Structure formats: structure tokens, C-alpha cells
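What follows is a set of notes on a single structure, which appears directly below.
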Amino acid sequence: LAKTTQPISMDSYEGQEVNITCSHNNIATNDYITWYQQFPSQGPRFIIQGYKTKVTNEVASLFIPADRKSSTLSLPRVSLSDTAVYYCLVGGGYNKLIFGAGTRLAVHP
Amino acid sequence: GAVVSQHPSRVICKSGTSVKIECRSLDFQATTMFWYRQFPKQSLMLMATSNEGSKATYEQGVEKDKFLINHASLTLSTLTVTSAHPEDSSFYICSARSGGQTASGGYTFGSGTRLTVV
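Residue numbers (the working numbering), protein chains in the order written: chain A, 1149 to 1257; chain B, 3 to 120.
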């Protein structure tokens, strides 16, 4: 299972764009990259998943370079409610999900 | 989308007693479920993988006799914390594999159970 490295914490302000980068140097060919969001005392919530290039949904974008050794989660115009821990995971098929430390995002007024 | 229901959301028990936590997949069948434990300000730690109709696979360092897992049906997995002690107080989260690369990322999580042992 590919190990991931993310910044421990980030700070932002309401209305700004936040980019969280995750390194996964030993990602396997069949691995997908998935990001989850977790609020205190709740289970993780799926944000976005991708394999290569760019993926966009209603809440975020995911940028994956050609070598797939990193990925960047982009949150447009964050609000206070985006304050949470964000986890980057890599894996595929029927692998168990192993969580890294995650990035604690604090959005300030 | 895929929904996983976890109950109870909070439980307080006395030291030495046992507590059962249920995890149900509401609109899909889950042959595999996962149990995690999360301490304050820490990440989720995988405890075990639960497979329907077979014994669970525990991660290294997790006591299988203390954390009993039963996955008797395709929609229900239970975690029983036996002879609970204050150090077992934690946030327990289940997850079910909801399909390959689906809109939920292939895995859906329960809302978690806050266990406090007094």
C-alpha cells in the first residue's frame, strides 16, 4: 500500500482557494487517489477520487500530474464549514484503506 | 448513494462490562467491512477487516479476544468490546466496501461510536 505524506495543518480565510498537496511516491499502477473529509466526532466523508489528470465535482477539484507521484486537492472559496481534517489515500480494487495523519485545515473569518 | 448506519452513536459503560457496536449497510450488500479506532487528535487506525461468513482479520497489535467481530450477514457487522477498560475509550468507526470505483470512492463510513468507559 502506497504511503502518503501531507502537511499536518493549514490555515486559510473564508473565500480563499485552498490547495492541499499529497505525496505518494510509490503509488502502484492500479491505485486510485481518494480524498476524504472528516469533521470532529464523525466518520470520514468522500470528497473526490481520481486516477490521472484532473477531476472536478461540485465540491472540489483533484489535480494529478502525469507521474502520479503527488496529487493536489483544491477547495474553491472555502467557508468556515470547511474546517476539517482532510485525508489523502491511495489504493485500488479491494485493498483496505490505511489512513495517514491527514491535514488539519482551519478556515478563519 | 451507499449508506452505512452505525449504532449507538455514544455509549458509556462501566469498566469490566462489554459493549456491542453495530454497523449496517442500508442499501447495499457488504461482504467486507472494516473497523477503525480513533483517539483524539489522531488519525483513524485500522483494527480489523470483517468478512461475511468468515473470521475477521485483525491488524497487528489488536487483541482479537478483546475486540470480537461478527459479520453474520451481508448487511451487518458487529464489534464487541469485551471487558472494557478506560483505555478502550475511543471513537470507533466502521466502513463498508460499497463497490469498485463508485461515486463514494468505493468505501462508505459510518458516523462513528463514541465509547467512554468509566
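Don't be surprised by glycine CBs; every beta carbon is placed ideally from N, CA and C.
From a predicted model like this one, the values you see are computed outputs, not experimental measurements.
Coarse secondary structure for A:Ser-1160, derived from DSSP in three states: The residue labelled residue 1160 of chain A in the question sits at position 12 within the first sequence. A:Ser-1160: strand per DSSP, three-state reduction.
Those residues which DSSP pairs with B:Phe-41 across a bridge: Position 39 of the second sequence, counted from the start, is the residue given in the question as residue 41 of chain B. Partner(s): none; B:Phe-41 has no beta bridge.
For B:Ile-71 and A:Glu-1165, the rounded distance between their alpha carbons: Taking the first sequence and counting its residues from 1, the one referred to as residue 1165 of chain A is at position 17. Taking the second sequence and counting its residues from 1, the one referred to as residue 71 of chain B is at position 69. Distance between the alpha carbons of A:Glu-1165 and B:Ile-71: 43 Å.
Residue-level contact to chain A via CB, B:Gln-103, 8 Å cutoff: For the purposes of this step, residue 103 of chain B is taken as the residue at position 101 of the second sequence. Caution is warranted here: a pLDDT of 49 is assigned to B:Gln-103, below 50, making its placement in the model unreliable, and no coordinate value can be reported.
Buried versus exposed call for B:Val-120 [16 or more other C-beta atoms within 10 Å across all chains shown]: Here residue 120 of chain B refers to the residue found at position 118 when the second sequence is read from its first residue. Result: exposed.
A:Ser-1223 versus B:Lys-43: straight-line alpha-carbon distance, rounded: In the first sequence, the residue the question calls residue 1223 of chain A occupies position 75. In the second sequence, the residue the question calls residue 43 of chain B occupies position 41. For the record, residue 1223 of chain A in the displayed sequence is Leu; it is not Ser. Cα-Cα distance, rounded: 23 Å.
Cβ-based contacts, 7 Å cut-off: residues of the region 35–65 of chain B near chain A: Phe-36, Ser-45, Leu-46, Leu-48 and Thr-51
A:Asn-1174 to A:Lys-1151 span [Cα, whole Å]: The count along the first sequence starts at 1 and reaches residue 1174 of chain A at position 26. The count along the first sequence starts at 1 and reaches residue 1151 of chain A at position 3. Each residue's alpha carbon lies about 7 Å from the other.
Distance between beta carbons of A:Ile-1181 and A:Val-1238, contact taken as under 8 Å: Locating residue 1238 of chain A in the first sequence gives position 90, where the first residue counts as 1. Locating residue 1181 of chain A in the first sequence gives position 33, where the first residue counts as 1. That pair is a contact at about 5 Å.
Residue from B:Phe-111, B:Ser-91 and B:Tyr-109 whose Cα sits closest to the Cα of B:Arg-12: Residue 12 of chain B sits at position 10 when you count from the first residue of the second sequence. Closest in alpha carbon position to B:Arg-12, among B:Phe-111, B:Ser-91 and B:Tyr-109, is B:Ser-91.
Minimum Cβ-Cβ distance from A:Leu-1223 to chain B less than 8 Å: Mapped onto the first sequence, residue 1223 of chain A falls at position 75. Among the residues facing chain B, A:Leu-1223 is not included, as its CB has no counterpart in that chain under 8 Å away.
Residues bridged to B:Phe-69 (per DSSP): Numbered from its first residue, the second sequence carries residue 69 of chain B at position 67. Partner(s): B:Val-83.
Whole-Å CB distance - B:Val-21 paired with B:Ala-86, under 8 Å assumed: Here the question's residue 21 of chain B lines up with position 19 in the second sequence. Here the question's residue 86 of chain B lines up with position 84 in the second sequence. Confirmed, Cβ separation roughly 6 Å.
Contact set for A:Tyr-1161: own chain, Cβ-Cβ below 6 Å, skip 5 residues either direction: Position 13 of the first sequence, counting from 1, holds the residue named residue 1161 of chain A. Once the five neighbours on either side are set aside, the close Cβ partners of A:Tyr-1161 are His-1256.
DSSP-derived helix/strand/coil call for A:Thr-1152: As a position in the first sequence, residue 1152 of chain A is number 4, starting the count at 1. A:Thr-1152: coil per DSSP, three-state reduction.
Nearest-angstrom beta carbon gap, A:Lys-1202 and A:Phe-1211 [assumed within contact, 8 Å]: For the purposes of this step, residue 1211 of chain A is taken as the residue at position 63 of the first sequence. For the purposes of this step, residue 1202 of chain A is taken as the residue at position 54 of the first sequence. Yes, A:Phe-1211 and A:Lys-1202 are in contact; Cβ-Cβ is about 5 Å, under 8 Å.
Whole-angstrom C-beta distance between A:Ile-1168 and A:Thr-1251, which should lie under 8 Å: Walking along the first sequence from the start, residue 1251 of chain A turns up at place 103. Walking along the first sequence from the start, residue 1168 of chain A turns up at place 20. Correct: roughly 5 Å between the Cβ atoms.
Three-way DSSP call (helix, strand, coil) for A:Ser-1209 in this model: For the purposes of this step, residue 1209 of chain A is taken as the residue at position 61 of the first sequence. Note: A:Ser-1209 maps to strand in three-state DSSP.
Minimum Cβ-Cβ distance from A:Ala-1249 to chain B less than 8 Å: Residue numbering aside, residue 1249 of chain A sits at position 101 when the first sequence is read from its first letter. With 8 Å as the cut-off, A:Ala-1249 counts as an interface residue toward chain B.
B:Ser-95: contacting residues in chain A (beta-carbon distance under 7 Å): Along the second sequence, read from residue 1 onward, the residue named residue 95 of chain B stands at position 93. This sequence places Ile at residue 95 of chain B; Ser is not what is there. Result: Gly-1191.
Contact list for B:Arg-116 against chain A, beta-carbon separation under 7 Å: Working through the second sequence from its first residue, we reach residue 116 of chain B at position 114. Per Cβ cutoff of 7 Å: Ser-1189.
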